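Asks: Residue 194 in the numbering used here sits at position 165 of the sequence shown, with consecutive numbering throughout.
Cβ coordinates follow ideal geometry from the N, Cα and C atoms, glycine included.
Source: prediction; values computed, not measured.
Structure in structure tokens, see below.
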Amino acid sequence: MVRRLLSQGCLTQGFDAPAHGQTAGTQTNGFEIAQAIATVVNVVAPIDCAIAHSLGAASMTLALSEGITCRKVVFLAAVCWLSNSLTKFAKLNRLSPEIEVKLRFLMEEKFGKEVWERVSVDRRVANLHIPALLFHDTGDREVDFEESRAIAQAWHGAQLVATSGLGHKRILRNERVIQQAVDFINF
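And the structure:
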């Protein structure tokens, strides 16, 4: 998507979230990622469009709901409910129910028992007035399609595009998804 945007004369700015890519660390959370987004945006502002994937979409929503501004948003396979994501993470990584309970306890201990509601993306987007285009594969095994559906229903001005056969990561490289996103950004 970045190559396509650059070829059309758009300036792009990307970054590795904490504990991702070239950044230090082995663990992070949505709050740290939202803070990193805010830091980047404060350096390069103003931004025209934000593009985010998975937990990055939830983190971008946190940043937007706390004052970051942009003209449009594109989300791919967006996380809506952190609680669901934790359950999926535990299942995909074959963690025992006891480990999942411990992870929930640690989350609540670190961020408070209300953490699950504080980071519910569908609640936060209800107050955003930015056009949004969401893509999500109906067969995504990491983040349920219903999470993007809930976001789209709660977000005035959001459109959801369902894909099939792309899963959680291939959606990022799909030519049709890229073209639709670029068309939306440039419209």
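Taking DSSP as the reference, what is the three-state secondary structure of GLN51?
Replies: GLN51 falls in the coil class under three-state DSSP.
Asks: Terminal residues of the continuous alpha helix (DSSP H) containing THR90?
Replies: It spans 84-94 - the alpha helix (DSSP H) in which THR90 sits, taken as one unbroken run.
Asks: In or out: THR90 buried (at least 16 other Cβ within 10 Å) or exposed?
Replies: Answer is buried; the Cβ neighbour count reaches 16.
Asks: Once you ignore the five residues that flank VAL31 on each side, which residues in its own chain have a CB closer than 8 Å to its CB?
Replies: Excluding residues within five positions, the ones whose Cβ falls inside 8 Å are THR41, GLY43.
Asks: In the DSSP assignment, find the unbroken beta strand (DSSP E) run with ASP188 in it and report its ends.
Replies: Before going further, note that residue 188 is Gln rather than Asp in the sequence given. Per DSSP, GLN188 belongs to the beta strand (DSSP E) from 187-192.
Asks: When burial is assigned at 16 or more other CB atoms within 10 Å of the CB, is ASP77 buried or exposed?
Replies: Classification of ASP77: exposed, given that the 10 Å Cβ count is below 16.
Asks: In its own chain, which residues sit with a C-beta less than 8 Å from the C-beta of VAL211, not counting the 5 before and 5 after it?
Replies: Excluding positions up to five away in sequence, the list reads MET30, ARG33, LEU34, GLN37.
Asks: Does the beta-carbon of HIS256 have 16 or more other beta-carbons within 10 angstroms, so that it is buried, or is it exposed?
Replies: The requested residue 256 is not part of the displayed model; the chain covers only 30 to 216.
Asks: If you scan the stretch 107-194 from start to end, which runs of the beta strand (DSSP E) of 3 or more residues do you find wholly inside it?
Replies: Listed in chain order, the complete beta strand (DSSP E) runs (minimum 3 residues) inside the stretch 107-194 are 161-166, 187-192.
Asks: Indicate whether ALA161 and ALA187 have their beta-carbon atoms separated by less than 8 Å.
Replies: Cβ distance < 8 Å, so ALA161 and ALA187 count as in contact.
Asks: In terms of DSSP beta bridges, what is CYS78 paired with?
Replies: Paired residue(s): LYS101.
Asks: Buried or exposed: GLU137, going by 16 or more other Cβ atoms within 10 Å of its Cβ?
Replies: So GLU137 ends up on the exposed side.
Asks: For PHE104, which residues from the same chain have a beta carbon less than 6 Å from its beta carbon, with the 5 sequence-adjacent residues on both sides left out?
Replies: Only ALA81, ALA86, LEU163 meet the Cβ criterion.
Asks: So what does DSSP say about THR68, is it helix, strand or coil?
Replies: THR68 falls in the helix class under three-state DSSP.
Asks: In terms of residue numbering, what span does the alpha helix (DSSP H) encompassing GLN56 cover?
Replies: First-last for GLN56: undefined, no H or E at that position.
Asks: From the DSSP output, in three-state form, read off GLN208 for me.
Replies: The answer is helix: DSSP assigns GLN208 an H, G or I state.
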